[in-house]
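Residue numbers (the UniProt record's numbering): 2 to 141.
Idealized CB from N, CA, C, for every residue including glycine.
Below is one structure, written out as structure tokens, with a few remarks after it.
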Ligand code: DAT
Ligand code: MG
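Listed below in structure tokens is the structure:
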């Protein structure tokens, strides 16, 4: 196994609901280390780069609009297999379907908006993690 870094975002819904501490608590309780943290309102340029793989999909515009609608907490985490491990902590993309015990399953639900309001983002592969960390933490 390898020590990895992953990018976690507490999305505007998670931040505004005051769930940042709960998300960070779960990351630390799992045994991953926080190595960088920043609170910011992202620019559309950052989000276009961050979500480049979804460009052209019907939910892309609403997703970018939602993500720059408020503050986001960007966190770089580190640990053995933390990329897969945080995805597991986060749970399935649709919070209604996400398993209880996961962040989305315990804290999220359908708000009548869309599944983009699902509290957190986590990188999905080592390549994505490296690409995304360069966007949010160019100094790392
Ligand atoms: P994940 O965040 O679980 O990695 P993803 O990368 O497939 O999911 O999609 C990025 C975000 O886009 C996701 O968190 C919520 C939103 N999204 C995905 N699929 C969607 C859909 N079918 N309708 C609306 N929003 C969607
Ligand atoms: Mg994704």
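Determine the direct distance from the alpha carbon of residue 97 to that of residue 4, and round the result to whole angstroms.
Locating residue 4 in the chain shown gives position 3, counting from the first residue. Locating residue 97 in the chain shown gives position 96, counting from the first residue. About 32 Å.
Report whether the distance from the Cβ of residue 46 to the nearest heavy atom of the ligand MG is below 7 Å.
Reading the chain shown from its first residue, position 45 is the one you call residue 46. Not so, every heavy atom of the ligand MG lies at least 7 Å from the Cβ.
Taking all protein chains shown into account, do 16 or more other C-beta atoms lie within 10 angstroms of the C-beta of residue 100, making it buried, or fewer, making it exposed?
Translated into positions along the chain shown, residue 100 becomes position 99. Around the CB of residue 100, fewer than 16 other CB atoms lie within 10 Å, so the residue is classed as exposed.
Measure the alpha-carbon distance for residue 78 versus residue 7 and round it to whole angstroms.
Here the question's residue 78 lines up with position 77 in the chain shown. Here the question's residue 7 lines up with position 6 in the chain shown. Near 5 Å, if we compare the C-alpha coordinates of residue 7 and residue 78.
Tell me, to the nearest whole angstrom, how far the beta carbon of residue 120 is from that of residue 109; I am working on the premise that it is less than 8 Å.
Numbered from its first residue, the chain shown carries residue 120 at position 119. Numbered from its first residue, the chain shown carries residue 109 at position 108. Confirmed, Cβ separation roughly 5 Å.
Determine whether the beta carbon atoms of residue 92 and residue 106 lie at a separation below 8 Å.
Within the chain shown, numbered from 1, the residue matching residue 92 stands at position 91. Within the chain shown, numbered from 1, the residue matching residue 106 stands at position 105. Between residue 92 and residue 106, the gap from beta carbon to beta carbon is short of 8 Å.
Considering only residues of the region 24-105, which uninterrupted alpha helix (DSSP H) runs meet the minimum length of 4 residues and lie entirely inside it, listed in chain order?
Listed in chain order, the complete alpha helix (DSSP H) runs (minimum 4 residues) inside the region 24-105 are 45-51, 61-68 and 83-91.
Going by C-alpha to C-alpha distance, which of 84, 134, 20 and 22 sits closest to residue 126?
The sequence position of residue 126 within the chain shown is 125, counting from 1. Among 84, 134, 20 and 22, the Cα nearest to that of residue 126 belongs to 84.
Do you know whose CA, among 68, 31 and 37, lies nearest residue 51's CA?
Along the chain shown, read from residue 1 onward, the residue named residue 51 stands at position 50. Selection 68, 31 and 37 evaluated against residue 51 yields 68 as nearest (Cα-Cα).
Could you tell me if the beta carbon of residue 125 falls within a distance shorter than 7 Å of some heavy atom in the ligand MG?
Taking the first residue of the chain shown as 1, we reach residue 125 at position 124. With a threshold of 7 Å, the Cβ atom of residue 125 counts as near the ligand MG, since some heavy atom of the ligand is closer than that.
What separation, rounded to the nearest whole angstrom, lies between the Cα atoms of residue 134 and residue 76?
If you number the chain shown from 1, residue 134 lands on position 133. If you number the chain shown from 1, residue 76 lands on position 75. If you take the alpha carbons of residue 134 and residue 76, they lie about 9 Å apart.
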